[in-house]
Structure formats: structure tokens, C-alpha cells
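Report on the structure given below.
Number of protein chains: 2
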Amino acid sequence: MASEAIENYLKAIYSLSRESPTGEAGMKAIATLTGVTVGTASTMVKRMAGAKLAKYERFGGVRLTARGERAAIDVQRRHRLIETFLVETLKLDWSIVHAEAERLEHAISSVVLEALDIHLHHPSVDPHGDPIPGPDGKIRTERGAALSTFAPGSKIRVARITDQGPAFLSFIAEHGLRPGTKAIVAATESAAQSITVHASGYAAVTMAVAAAESIICESA
Amino acid sequence: MASEAIENYLKAIYSLSRESPTGEAGMKAIATLTGVTVGTASTMVKRMAGAKLAKYERFGGVRLTARGERAAIDVQRRHRLIETFLVETLKLDWSIVHAEAERLEHAISSVVLEALDIHLHHPSVDPHGDPIPGPDGKIRTERGAALSTFAPGSKIRVARITDQGPAFLSFIAEHGLRPGTKAIVAATESAAQSITVHASGYAAVTMAVAAAESIICESA
DNA sequence: CAGGTAAGTTTGAATCGTCAAACTTTTTGG
DNA sequence: CCAAAAAGTTTGACGATTCAAACTTACCTG
Chain A
45 MASEAIENYL KAIYSLSRES PTGEAGMKAI ATLTGVTVGT ASTMVKRMAG AKLAKYERFG
105 GVRLTARGER AAIDVQRRHR LIETFLVETL KLDWSIVHAE AERLEHAISS VVLEALDIHL
165 HHPSVDPHGD PIPGPDGKIR TERGAALSTF APGSKIRVAR ITDQGPAFLS FIAEHGLRPG
225 TKAIVAATES AAQSITVHAS GYAAVTMAVA AAESIICESA
Chain B
45 MASEAIENYL KAIYSLSRES PTGEAGMKAI ATLTGVTVGT ASTMVKRMAG AKLAKYERFG
105 GVRLTARGER AAIDVQRRHR LIETFLVETL KLDWSIVHAE AERLEHAISS VVLEALDIHL
165 HHPSVDPHGD PIPGPDGKIR TERGAALSTF APGSKIRVAR ITDQGPAFLS FIAEHGLRPG
225 TKAIVAATES AAQSITVHAS GYAAVTMAVA AAESIICESA
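Protein chains in written order, with the numbering used here: chain A, 45 to 264; chain B, 45 to 264.
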């Protein structure tokens, strides 16, 4: 098994290369995401390459091998199932569970994990709407587009939130914007780079377009 | 916070000094219990003394300070609540939960722990019948005596099992001997150093007196 | 294209937890 | 009491992970 540290690098490289057009992650970004200096990231990535978890060339981008990707997806499954458990079973607030899951994901065995999966009735998404990979590493493909791409008047349904920060999560939850809830894009103001959304039963909320990038929605 | 390694030494010293008449733990025993060489235990205990978690003199016994004992009890609370959760909520077999809890106890935060405690309705004993310390570190005093001290004909109620080995736990569970169940001491055979117990609804079982030391019972 | 800046690499050192092996103290059985 | 045996201590080394700082390469801008 990969050490706790290595698992964190796997997660970082996985999510970075996923968002990058080239499919590669940069050292600087890896270091920032794992909270480590660039030198350390460089050293560790080299080690991961030796362990056939990552592939890279000096001064080039980093990408995971098939083995590395599978290991990263396993960590993601653990993380998301634990988050779901913390919210569904223990009733913890969704804004704090990310940090808690970050610690537990490295300590849970597959026996406990699968028992958790059964207890939760095999959930397909976590409290943030992120898909939970299956035990085989398969990820249900997701649909939807960033809230920022919808025009005023659009009826939408929130699918997932890609920003895990507690402050942002608490803020949008106060305005009814959680995965599954419906809302209407009330207005967009390009001069102010803002967008206003209104979920029924809640006060309308105006946020920066940049913030709305983190809210993935479908038309409803 | 104490590191994972230190927490394991705390647990070992705590339980060893608890069973010892002098209230002190020996290096050899600490090393054996933590699965480490004697030299390592010696080094680490010295470090713990520096951190004011333990007290000892060269070539003398080890005991915990008040701080160390409190830290050990905290680990024990985490361990036992997690075991209870694994059995009660996730329906895992009690014979394997000790090992699982051993890994999780170092990763769980107090927020998650207290949520677990609420979810389980503040249990006072774990699946082995061991008392769960309160959040304040107080331990409900336990009663009962080893099964080996009861005379033939005694009606007993199993209170707790102090041996955490999966094989032993599975064995006795097959004969109905779990915390809370009632049984009768059918016979004792001093020549064979054995004792026979019969739980209603199960086949009678004969075991060594030494094994019966691990089963704590009350008269019933 | 020439610098300058941003990104990446290397090196030397530190900490933690561990072992093996040499050494020292205590204990214990005759 | 005294020589083994048992228990405990120390030392030197190692792997993992990290940092700071010196150094190298790549990229971008004027």
C-alpha cells in the first residue's frame, strides 16, 4: 500500500491532471495542493516514478500511470464514502466533512469501507454531489455545466459543488444551493462580473462569476 | 497531539502498569506489546519522559504521568467507541473489530468521535464488555471476577472479555459466551486445569483455566 | 534575441521511528 | 556470594518525509 504521504500526492496529481488540457500536472501546483515545498514535491514525484505510480521527464509535466490512477481513484472512493457517512449517518455539517475525511481516508481498511458502502446503500454521489467511484474503480460519468454558463431566466438544478472550502459551502447552503435543489438564474451583470441566483424558499444571492464556476448545474 | 507511535506506547504502558502490582511497566513488556525491539522502546520511553508523558529512572520501571494517563485514556475511548460503532452500526463481526479500531483510533478527530458517541447513544461498554471512558476521562468502575474463580454450579453472567484475539473471540461466541449472556459453571477439573461452562441454548464448552482468566463474570 | 522571471532540480540537513549489535545493570539460582 | 541470565541502555545506521537554499532550465516579454 502507498503511504499516507504518497496517497496525498496521488490525489493531487490526479485532480490536477484531470483539469489540465494537457493531462499533466506541474510541480508547483502539486506542491501547493499538498502543502509542501516545490523541492519536496520534486523529490517525491521522482520516488513515485520509481514505484511506477507516476511518469515524468525532468522539467516536464507529471502524469499518473494506470496503477497510479487506480490508486488515486481508490483514495477518492474512500474519501467520498467517508464524507457521505459523516453527513448521512453522523449528521455532521457538510461544510466540515471534507477536512475530516482527509484524515480518515488513509486509515480505513477495505473491509470497513465496504461495510460503510452497504450501510449507506451504495450511494453514487457524495454530499457535494461528486460521484463516488465503484469498488472496481469505475466512475459514473457526470453531466452538467458551471452555473456561470447559464443565461438569466434559466431554470437549473444544482448537481455538484467543486469547491470544498467550508466558508463557500456554508454560504451557498444558506441560500439553498445544495446538490439536488432547484433554482432560477435571476440575472447576470457582466460589468460587475456577477450572477444572481434564486432558489425557491430562500433569498436570492449574487455572487462573482468566478465563484459560480464551482457550482455545476443541469437545466431543469 | 501525540504521534501515532507515541499513542501506541501510551496504550501499552497504560495497560501494563494497570495489571502490574507495582503500577509500573517493564521495557521488555512494552516492546513486546508494541511489536518493537527493546532498544526502540527504551529510546521512545526516554522521549516520552522528555515530553512529560511518562516518568522513569534508568533501569527502573516506567509509569505514566497524569498527562500521559489522560492521553492513554483518550486513545482507549476512541478505540472502544470505534469498536462499538463497527459492531453496532456496520454489523462487522466482533472478532475482527479490534484490529480495525487499532488503525482508525489514531485518525479520528474529537468532532467525529463525539458525533459517533451521540449516534451510538453514549454506550458505556464496548462489544467486548470493556468500559468506555467518558469524554472527561472518567471510567465507570467495573465489577466481576475471572470465570476461573467460580465454583461448579455457579450461575454467572458474562461481563467482559479481556482477550482481543479473533480466534478466542470466535471460539467463545460459538458457545454463547458474549458479554451479557448467562451460563452455568458445569464443572472444574483441577487435574486437567480445565473448566466447563454451559450457556443455555449452546453446547457446553471446556477450556483451560488459563483461558477462563480472560472471561470476566458476575454471579447471576 | 536577450534578459528576467517562473518553474523545476539538487543538495545538505533535520526529525521521526525503527533495527542490530555492543555494552551495562540487575536479578536470580545454586 | 557469585556467575549466568534477563533486562535495559547506547550507538550507529537507515528509510521516509520534509525544508531551505543554491543551482539549472524553460518560458515570456520587450
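Glycine included, every Cβ here is placed at the ideal spot set by N, Cα and C.
Keep in mind it's a predicted model, so treat the numbers as computed, not measured.
* **C-alpha distance - Gly245 of chain B paired with Ile216 of chain B, whole-angstrom precision** => 14 Å
* Cα separation between Ile50 of chain B and Arg102 of chain A? -> 39 Å
* To do: May I have a chain-ordered list of the alpha helix (DSSP H) segments no shorter than 4 residues that lie completely inside the stretch 208 to 232 of chain B?
  => 210 to 218
* To do: For Gly285 of chain B, count neighbouring Cβ atoms within 10 angstroms of its own Cβ and tell me buried if that reaches 16, exposed if not.
  => Absent from the structure is residue 285 of chain B, since the part of chain B shown begins at 45 and ends at 264.
* Asked: To the nearest angstrom, how far is it from the Cα of Arg204 of chain A to the Cα of Pro223 of chain A?
  -> 5 Å
* Following the continuous beta strand (DSSP E) through Lys199 of chain A, name the residue where it begins and the one where it ends. => Lys199 to Ile205
* Asked: Buried or exposed: which applies to Ala254 of chain A, given that a residue is buried once 16 or more other Cβ atoms fall within 10 Å of its Cβ?
  -> exposed
* **Interface residues of chain A facing Leu130 of chain B [CB-CB closer than 8 Å]** => Val156 and Ala159
* Asked: So is Lys292 of chain B buried or exposed if we call it buried at 16+ other beta carbons inside 10 Å?
  -> As shown, chain B starts at 45 and ends at 264. That puts residue 292 of chain B outside it, with no answer to give.
* Asked: From B:Ser198, B:Ala195, B:Leu221 and B:Lys199, pick the residue whose C-alpha is nearest to that of Asp33 of chain B; which is it?
  -> Residue 33 of chain B is absent from the model: chain B starts at 45 and stops at 264.
* Is DSSP giving Arg184 of chain B helix, strand or coil here? -> coil
* In angstroms with no decimal places, state the Cα-to-Cα distance between Met251 of chain B and Thr240 of chain B. => 6 Å
* To do: Going by CA-CA distance only, name the one from A:Asn52, A:Met92 and A:Tyr100 that's closest to Ala69 of chain A.
  => A:Tyr100
* CA-to-CA distance, Gly181 of chain A to Arg114 of chain A, given in whole angstroms -> 7 Å
* Whole-Å CB distance - Pro175 of chain A paired with Arg187 of chain A, under 8 Å assumed -> About 11 Å separates the two Cβ atoms, so there is no contact after all.
* Asked: Does DSSP classify Leu125 of chain B as helix, strand or coil?
  -> helix
* Report the option in B:Leu136, B:Pro196 and B:Glu149 whose CA atom is closest to the CA atom of Leu160 of chain A. => B:Leu136
* **Lys96 of chain A in three-state terms, based on DSSP** => coil
* To do: Determine the contact status of Ala195 of chain A and Val229 of chain A, defining contact as a CB-CB distance below 8 Å.
  => yes
* Which of helix, strand or coil does DSSP assign to Ile260 of chain A? -> strand
* Leaving out five residues on either side along the sequence, give the residues of the same chain with a beta carbon under 6 Å from the beta carbon of Lys199 of chain B. => Ile228 and Ala264
* To do: Could you tell me which chain A residues have their CB closer than 7 Å to the CB of Thr78 of chain B, listed as they occur along the chain?
  => Neighbours of Thr78 of chain B on chain A: none; closest Cβ ~18 Å, over 7 Å.
* So which residues of chain B does Ser153 of chain A contact, with C-beta pairs closer than 7 Å? -> Glu144 and Arg147
* Candidates A:Leu134, A:Pro167, A:Ser192 and A:Val80: closest to Ile162 of chain B by CA position -> A:Leu134
* To do: Would you kindly report the start and end of the unbroken beta strand (DSSP E) that includes Ser238 of chain B?
  => Ser238 to Ala243
* **Assigned exposure category for His165 of chain A - 16 Cβ within 10 Å defines buried** => exposed
* To do: Going by DSSP, name the residue or residues bridged to Met251 of chain B.
  => B:Ile239
* **Contact set between Leu136 of chain A and chain B, taken where Cβ atoms lie within less than 8 Å** => Val155, Val156 and Ala159
* Asked: Of all the options B:Val119, B:Val82, B:Leu60 and B:His219, which has the alpha carbon lying nearest to the alpha carbon of Ala247 of chain B?
  -> B:His219
* Asked: For Leu164 of chain B, which of helix, strand or coil comes out of DSSP?
  -> coil
* Run through DSSP, which three-state label would Arg147 of chain B get? -> helix
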